[in-house]
Amino acid sequence: MPIVRSRTVVLAILFVAAFALFAAPAAAQSHDEGDAGGESAGAGSHDAQAAHGHGELGKELSLVWAIPFAAILLSIALFPLVLPHFWHKHFPKVSAVCALAFAVPFLVGYKMQAVSAIWHIVIADFIPFIILLSGLFTVAGGIVVRGSFRGSPAVNVAMILIGTILASWIGTTGAAMVMIRPLLRANAWRKRQAHVVVFFIFLVANIGGSLTPLGDPPLFLGFLHGVPFFWTMKHVWLETSFVAALVLAIFYVWDTVMYRRESAPPADGEREPLRIEGAHNFLFLLGIVGAVLFSGMVELGEIPMGFGVHESVQNLIRDFAIVVIAISAYKSTQASMREANSFTWFPILEVAYLFAGIFVTIIPALEILKAGQEGALGFLVSAVNTPPRYFWATGVLSSFLDNAPTYLTFFNAALGQLYPGVAEAQAVPHLIGAAAGGPPPGIDFLAAISVGAVFMGANTYIGNAPNFMVKSIAEEAGIPMPTFFGYMLKYSIPVLVVVFLLMTLVFF
Amino acid sequence: MSAAYFEFVLTGNEQEIRDLVANARATMGANVAVFISRDVGIHGETRLHKALQMVRLEKAHLHVLVPAAVFDDFRAMAATAAAIDIESAHEVLEQSFKFRFRCYNKEKAHAIARLFNPPPEGVTMRNYEFKQRDDPEAKGQELYTPTHDFEYVGHGEATGELPRLVAMHRRAEEEPLVELSEIHLTLGADVVKND
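Same order as they appear, the protein sequences are chains B and S. To get my numbering, take the position in the first sequence, counting from 1, and add 343. To get my numbering, take the position in the second sequence, counting from 1, and add 75.
Right under this line is the structure:
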């Protein structure tokens, strides 16, 4: 083992060093040229672009800078499939190596501008993101649904529908954690259960999270970048209802056919009535909703956070409130409730380690995209130029890469395309249709990106984090879940992709 | 004739063939196990034949497994049935099926282990390998690094006396975590053609 460990460390150092050698001189050169062009690196408030001179940095950077970002996304996608035990043990190191591979040459080449950019994304995105996910996860982990149900098609539809509705309020991960075990218990007597779990992944772990920023991490990132709390509910509720209703109807037919092939269900025995334990956590949930809404509705000014980065007071209050709520929920809930949900802190640690790497390495990709057609990804910005294209491009990438960074990538691509050279704080109100006059609003673009990122996370096991969690829980309950390709060929392509094509025709 | 079983391929009306088999079972006694291949997971007709029969483009072809001890009696019964033709009757030299499993649940793993280890009397195993892995570090639920703290995987091939093999195959079919092949027959000479 020491040999393996030292080999890993040596490889990591070599990767960082090689990248630094390659990228830093280019960075220093292009930075000098940038300075000569009169670029200002004024202190930004809540806008990374301001710190970099409204997309100037994005025009300088080549795609080489995005290699660590691609590496971490591909690691998240591929390691669980090909080297699961290695990945389980070493994912923090992989994340750190990718982050350093970008950060070291970036800091060498861009010095304080780089410090400011990294610090900004930590303050504005990473910390609020982790706090919200931890808060929702802690609160949801204390809610337990008990009761003896018989897994008939009608009962399964009802349970999945409840999970779908819950998902927008306690997050797809929370809803999946709360609802998957009751669903598995209800269907334990059936020989054919895999399809029930797959449709649960479609609806509860993905599609259901599309209505609020609490539902799915991509939408919370949108919220952090200026999209109002109720924006998605107002603008994509029809798409969500259409897709959820269609997928549920298909599930009902599918489950009915499978149900008829089952032998007679066993005798009921003693029936346990339906009850929700730890229901007081719904009050804490309301508290989180209130804290997030508060931060979107009031303006209390900004305070300096160092390195030219400022943070809004209301956001700091929100984050503090969520931490207090999470601690209160944890303290006031019996440990047995969390044990019933197999709650541990490990998923939060995973998110923290991996998203630290993602948020650092995504900086160049976002800057390049903000530069629009003048950036190194100008070809992508030119090719993806209508809402249907945004829907499918965001969706296809979200199917195979994590959907939160994918959302942020296309969010910035849309800003770069529709409002090139405009700072994010001024561009987002146009994108969401809240600014009077000026360029045309990009409501359809943002709606397409939002539903593309959220819905199509269901296309593969690797599209969204709760998919893996649900698969894993089902497998440990003894359900033969389909393989990676089996999931796609038997379920997601014939069901979801067809529904999404139909949705494109109807809505975009 | 040293084979324990013969595989008759009978053509005609499916219901009449099934009636013939039922009649044979009734008259030859409970100890005589006659099987219709498609009913018990034995590889019989090709998919093309099944499809053609389903759309009535072809007469029913049923593969019927008959013990050697009653071969002559069954052949005589089939020959006297007006709407049934004997297309062939091969010696069955060997029968086997392959299986593999992957399980992350200890209770289910025990049930699977009981299916194959030890094998039922009259059944032997080929290339049977299984592996159990415990990883306490992987306990609990994960979002991005899914692993299981317990894993039981294995594969092999079962061969032996046809009735016991069929019974074992049926029991294994009840366990969704076990992937099974059909029971494959190695056939010898066609005794009808050679007569």
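Every residue gets a Cβ at the ideal spot worked out from N, C-alpha and C, and that includes glycine.
Problem set entry | Between the CA atoms of Ala592/B and Phe754/B - distance to the nearest angstrom | To locate residue 754/B, count along the first sequence from 1; it is residue 411. To locate residue 592/B, count along the first sequence from 1; it is residue 249. As the crow flies, the alpha-carbon of Phe754/B is around 32 Å from that of Ala592/B.
For this session: Entirely within the region 187–253 of chain S and at least 4 residues each: give me those alpha helix (DSSP H) ranges in chain order.
Result: 237–248
Exercise. Could one say the Cβ of Trp462/B lies closer than 8 Å to chain S's Cβ atoms, at least one of them?
Worked result: Here residue 462/B is taken as the residue at index 119 of the first sequence, counted from 1. No, its Cβ sits nowhere closer than 8 Å to a Cβ of chain S.
Exercise. Which first and last residues belong to the alpha helix (DSSP H) in which Ile90/S is found?
Worked result: Along the second sequence, read from residue 1 onward, the residue named residue 90/S stands at position 15. Inspection of the sequence shows that residue 90/S is occupied by Gln rather than by Ile. Where Gln90/S is concerned, the enclosing alpha helix (DSSP H) stretches over Glu89 to Met103.
Problem set entry | Below-8 Å beta-carbon distance, Ala188/S vs any chain B residue | Along the second sequence, one-based indexing puts residue 188/S at 113. For Ala188/S, the answer is no, since every Cβ of chain B falls outside 8 Å of its Cβ.
Exercise. Counting only beta-carbon atoms, is Tyr227/S nearer than 8 Å to chain B?
Worked result: By 1-based counting over the second sequence, the position of residue 227/S is 152. Tyr227/S has a beta carbon lying at 8 Å or more from every beta carbon in chain B.
Exercise. If contact means a Cβ-Cβ distance below 8 Å, which residues of the region 803–814 of chain B contact chain S?
Worked result: Flagged, chain order: Ala808, Pro809, Phe811, Met812 and Lys814.
For this session: Look up Ala135/S in the DSSP assignment and say whether it is helix, strand or coil.
Result: By one-based count along the second sequence, residue 135/S stands at place 60. Strand, per DSSP.
Exercise. Lys183/S CB to nearest chain B CB: under 8 Å?
Worked result: Working through the second sequence from its first residue, we reach residue 183/S at position 108. Taking Cβ atoms only, chain B reaches closer than 8 Å to Lys183/S, which makes this a yes.
For this session: Grab me the residues of Gly87/S's own chain with a C-beta within less than 8 Å of its C-beta, minus the 5 sequence neighbours each way, in chain order.
Result: Position 12 of the second sequence, counted from the first residue, corresponds to residue 87/S. Same-chain partners within the cutoff: Lys134, Ala135, Ala156, Ala158, Ile159 and Asp160.
Problem set entry | 8 Å Cβ shell around Pro609/B - same chain, five flanking residues per side excluded | The residue given as residue 609/B occupies position 266 in the first sequence. Answer for Pro609/B: Trp532, listed in chain order.
Exercise. Going by other Cβ atoms of all chains shown within 10 Å of its Cβ, with 16 needed for buried, is Ala264/S buried or exposed?
Worked result: Within the second sequence, residue 264/S is the residue found at index 189, counting from 1. Burial call: exposed.
Problem set entry | Boundaries of the alpha helix (DSSP H) in which Pro647/B is found, first to last residue | If you number the first sequence from 1, residue 647/B lands on position 304. Note, Pro647/B: premise wrong, no alpha helix (DSSP H); beta strand (DSSP E) at Glu645 to Gly649.
For this session: Tell whether a beta-carbon distance below 8 Å holds between Leu564/B and Ala726/B.
Result: The residue given as residue 564/B occupies position 221 in the first sequence. The residue given as residue 726/B occupies position 383 in the first sequence. Not a contact, by the Cβ cut-off of 8 Å.
Exercise. Terminal residues of the continuous alpha helix (DSSP H) containing Ile701/B?
Worked result: As a first step, residue 701/B must be located in the first sequence, where it is residue number 358. Note, Ile701/B: alpha helix (DSSP H), Phe689 to Lys713.
Problem set entry | Distance between beta carbons of Ser815/B and Gln216/S, contact taken as under 8 Å | As a first step, residue 216/S must be located in the second sequence, where it is residue number 141. As a first step, residue 815/B must be located in the first sequence, where it is residue number 472. Gln216/S to Ser815/B, Cβ: 6 Å. Contact.
For this session: Can you tell me the Cβ-Cβ gap for Tyr804/B and Tyr830/B, rounded? I've got them flagged as a contact below 8 Å.
Result: As a working note, residue 804/B is residue 461 in the first sequence. As a working note, residue 830/B is residue 487 in the first sequence. With 8 Å as the limit, Tyr804/B and Tyr830/B qualify as a contact, their Cβ atoms being about 6 Å apart.
Exercise. Among Ala519/B, Arg489/B, Ala467/B and Asp662/B, which residue has its Cα nearest to the Cα of Phe811/B?
Worked result: Taking the first sequence and counting its residues from 1, one reaches residue 811/B at position 468. Looking at the Cα atoms, Ala519/B is the closest of the given residues.
For this session: Mind listing, in chain order, the continuous alpha helix (DSSP H) runs of no fewer than 4 residues lying wholly within the region 491–517 of chain B?
Result: Segments of the alpha helix (DSSP H) lying fully in the region 491–517 of chain B: there are none.
For this session: Say whether chain B places a C-beta atom closer than 8 Å to the C-beta of His223/S.
Result: Here residue 223/S corresponds to residue number 148 of the second sequence, with the count starting at 1. Closer than 8 Å: yes.
Exercise. Given 8 Å as the limit, is there contact between the region 475–490 of chain B and the region 618–627 of chain B, that is, 3 or more CB pairs closer than that?
Worked result: yes
Problem set entry | C-beta atoms of Thr220/S and Trp430/B nearer than 8 Å | Reading the second sequence from its first residue, position 145 is the one you call residue 220/S. Reading the first sequence from its first residue, position 87 is the one you call residue 430/B. For Thr220/S and Trp430/B, yes; Cβs fall inside 8 Å.
For this session: Answer yes or no: does any C-beta atom of chain S fall closer than 8 Å to that of Glu682/B?
Result: Residue mapping note: residue 682/B aligns to position 339 of the first sequence, counting from 1. No, Glu682/B lies away from the interface with chain S (no Cβ there is under 8 Å from its Cβ).
For this session: Anything in chain S within Cβ reach of Ala669/B, meaning under 8 Å, just list it in chain order.
Result: Locating residue 669/B in the first sequence gives position 326, counting from the first residue. None at all; the shortest Cβ gap to chain S is about 17 Å.
Exercise. Which residue comes first and which comes last in the alpha helix (DSSP H) that contains Thr599/B?
Worked result: Working through the first sequence from its first residue, we reach residue 599/B at position 256. Thr599/B -> alpha helix (DSSP H) spans Trp574 to Arg603.
For this session: Check the DSSP bridge columns for Glu166/S and list the partner residues they point to.
Result: Translated into positions along the second sequence, residue 166/S becomes position 91. Residue pairing from DSSP places Glu166/S in a beta bridge opposite Phe81/S.
For this session: Kindly say whether Asp210/S, judged by its beta-carbon, lies nearer than 8 Å to any beta-carbon of chain B.
Result: Mapped onto the second sequence, residue 210/S falls at position 135. True, the Cβ-Cβ gap to chain B drops below 8 Å.
Exercise. Using a beta-carbon distance below 8 Å, is Val739/B in contact with chain S?
Worked result: Residue numbering aside, residue 739/B sits at position 396 when the first sequence is read from its first letter. It does not: the Cβ of Val739/B has no partner Cβ on chain S nearer than 8 Å.
Problem set entry | 4 or more residues per run - each alpha helix (DSSP H) lying fully within the region 654–686 of chain B | 656–675 and 678–683
Problem set entry | Three-way DSSP call (helix, strand, coil) for Thr642/B in this model | Within the first sequence, residue 642/B is the residue found at index 299, counting from 1. Per the sequence shown, the amino acid found at residue 642/B is Glu instead of Thr. If DSSP states are grouped into helix, strand and coil, Glu642/B belongs with coil.
Exercise. Looking at the structure shown, is Pro825/B part of a helix, part of a strand, or coil, going by DSSP?
Worked result: Numbered from its first residue, the first sequence carries residue 825/B at position 482. Three-state DSSP puts Pro825/B in coil, outside helix and strand.
For this session: Measure from the C-beta of Trp823/B to each C-beta in chain S and report whether the shortest distance is under 8 Å.
Result: Residue numbering aside, residue 823/B sits at position 480 when the first sequence is read from its first letter. Note that residue 823/B corresponds to Pro in the displayed sequence, not to Trp. Interface residue, yes.
Exercise. Cα-Cα, which of Leu475/B, Ala736/B, Ala678/B and Gln456/B is closest to Gly633/B?
Worked result: Translated into positions along the first sequence, residue 633/B becomes position 290. Among Leu475/B, Ala736/B, Ala678/B and Gln456/B, the Cα nearest to that of Gly633/B belongs to Leu475/B.
Problem set entry | Nonlocal neighbours in the same chain, by C-beta distance under 7 Å from Phe734/B, ignoring five residues either side | Taking the first sequence and counting its residues from 1, the one referred to as residue 734/B is at position 391. These residues qualify, in order along the chain: Ala791, Val794, Gly795, Thr847 and Phe851.
Exercise. Should Ser606/B go down as buried or exposed, given a rule of 16 or more other Cβ atoms within 10 Å for buried?
Worked result: In the first sequence, residue 606/B corresponds to position 263, counting from 1. It counts as exposed.
For this session: Compare the C-alpha of Phe449/B against each of Ser477/B, Glu710/B, Pro423/B and Leu554/B and name the closest.
Result: Working through the first sequence from its first residue, we reach residue 449/B at position 106. It is Glu710/B.
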